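The number in our numbering is simply the position in the sequence shown, starting from 1, with 536 added.
Cβ atoms here follow ideal geometry from the backbone N, Cα and C, with glycine treated the same way.
Note that the structure is predicted; figures quoted are calculated from it, not measured.
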Amino acid sequence: MPSKTALIVGSNGLVGRALAEQLAESGDWGILELSRRPSPLGSIGTPIAVDLQDREACLALGPKLRDVTHLFYCARAVAPDLFIEEQTNLAMFTNILDAVESAASKLSHVQVMEGTKWYGSHLGSYKTPAHEDDQRHFPPNFYYVQQDLAAARQKNASWTWSALRPHVVWGVTLGYPHSFVVLLAAYATMSKHLGMPLVFPGSQACYTTISQATDALLLAKAMEWAATSPKCANEAFNITNGDLFRWQHLWPQVADYFGMEAGQVQSLSLAARMKDLEAIWRDVTKAHELRPMPFSSLGNWAYFDYTVRFDVDDISLTTKARHFGFEPFADTKQELFSQFDRLRDLKVIP
């Protein structure tokens, strides 16, 4: 019997899938994967299906949660109204936290996944380099209320909490709307199929500004570390690859990976264009005998548009994590290309 049991909430996402892979590789973990739907890649641990907005359904999970020692909360709901988004995400976290607390007598740690929206990155220019102790921006922000709930509950509990703040997580999973790597690979594949150069579809400012990313597998290592290291109790940590990049330098290398010429910057809304280009993806899939996937399951092109239009510097200080003992890092370019390789292995792209 494993000595620890992880409940991964949001197991079909980039972060949840990477964490399941990391814990399975580490060993000595029982793994419960909670999501609304089965994973297109199959389950690594024991799947549990539930809608986190259904409080009664969450509480009814009690018997399945008795052995949980570590709760990893990686789920989120997106809403155009930030106040509604805050309350929805708080309710979801509350529902599963209540269910776990009432059922799991050996619960020792609760971890919440955050991001640079904690610092107001979604609102425009923000203080950089961002430090974990920077002042909060004016509400709403669902990260704030989720962490506050964990901190308040911990005061009267035997478990501890931690929070991790990555930025633009790059990894591989299928059927997840915010998978930038899958969307980028699909865009490059379609452009090559049409005989076009790889045009950067974002803004000129984003093309030249300083950016950062977080490899999903690096983040998963940090999650396990923070959840099992006593010194990390009740602390928040920025987690990024540790290097920086500008698209103007990385984009030509991406084009070269796909055997293409790098095009110029042309601000295109892929969300507007892709809705009418499903037939092209079907042609690519048929020509290269790729994994049959609905075009809509590749991801949310509006998210891709947003990512390549972010026009202010993105820099998070990661010295705190290093001071606390987390040493791994990732080479952004190498990890991006290894993720493209994995998509090829999965027959998502040719």
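query, result
"GLN800 - containing beta strand (DSSP E), residue span", "798-801"
"With 16 other Cβ atoms within 10 Å as the buried cut-off, status of HIS785", "exposed"
"Local conformation of LEU577 per DSSP, three classes", "coil"
"Cβ pair ASP847, SER739 closer than 8 Å", "yes"
"Reference ARG878; option with closest CA among ASP850, LYS642, LEU753", "LEU753"
"Nonlocal neighbours in the same chain, by C-beta distance under 7 Å from GLY549, ignoring five residues either side", "CYS610, THR709, TYR712"
"Residues bridged to GLN647 (per DSSP)", "PHE608, SER698"
"Reduced DSSP secondary structure (H/G/I, E/B, other) of VAL884", "coil"
"Neighbour-count burial assignment, GLY861, 16 or more Cβ in a 10 Å radius", "exposed"
"Contact set for TRP654: own chain, Cβ-Cβ below 6 Å, skip 5 residues either direction", "TYR679, ARG701"
"3-residue-minimum beta strand (DSSP E) runs that sit fully inside the region 737-807, ordered along the chain", "771-774, 798-801"
"DSSP state of GLU569 mapped onto helix, strand, coil", "strand"
"Same chain, Cβ closer than 6 Å to LEU826, five either side skipped, listed in chain order", "LYS883"
"For PHE876, the nearest candidate out of ASP792, PRO676, CYS742, SER803 (CA to CA)", "ASP792"
"CA nearest to the CA of ILE851, picked from PHE781, LEU806, PRO616", "PHE781"
"Coarse secondary structure for ILE851, derived from DSSP in three states", "coil"
"Three-state secondary structure assigned by DSSP to LEU734", "strand"
"For LYS540, the residue or residues it bridges with in DSSP", "TRP565"
"C-beta atoms of SER698 and ALA762 nearer than 8 Å", "yes"
"Inter-residue CB distance, VAL646 and LEU633 (contact presumed, cutoff 8 Å)", "7 Å"
"Residue environment, ILE885, which counts as buried when at least 16 other CB atoms sit within 10 Å", "buried"
"Sheet register partners of ALA585 (DSSP bridge)", "SER571"
"Span of the alpha helix (DSSP H), counted from its first residue to its last, around TRP837", "837-843"
"ALA721, DSSP secondary structure in three states", "helix"
"Given 8 Å, three or more beta-carbon pairs between the region 587-596 and the region 626-644", "yes"
"Contact check, PHE736 vs VAL844, beta carbons under 8 Å", "yes"
"Beta-ladder partner(s) of TRP706, from DSSP", "ASP751"
"Own chain partners of ALA721 with C-beta closer than 6 Å, once the 5 adjacent residues on each side are dropped", "PHE876, LEU879, ILE885"
"Supposed contact pair GLY835 and SER727 - C-beta distance, whole angstroms, cut 8 Å", "That belief does not hold up - the Cβ atoms of SER727 and GLY835 are roughly 16 Å apart, past 8 Å."
"Euclidean distance between Cα positions of ARG591 and LEU806", "37 Å"
"ALA666 - partner residues in DSSP beta bridges", "SER852"
"Spatial distance of LYS804 from PHE608 (CA atoms)", "Looking at the sequence shown, residue 804 is not Lys but Leu. Roughly 37 Å between the two C-alpha positions."
"Terminal residues of the alpha helix (DSSP H) in which HIS824 lies", "814-824"
"Best match in LEU755, PRO828, GLY795 for proximity to GLN558 [C-alpha to C-alpha]", "LEU755"
"Cβ contact check for the region 681-692 and the region 617-636: 3 or more pairs under 8 Å", "yes"
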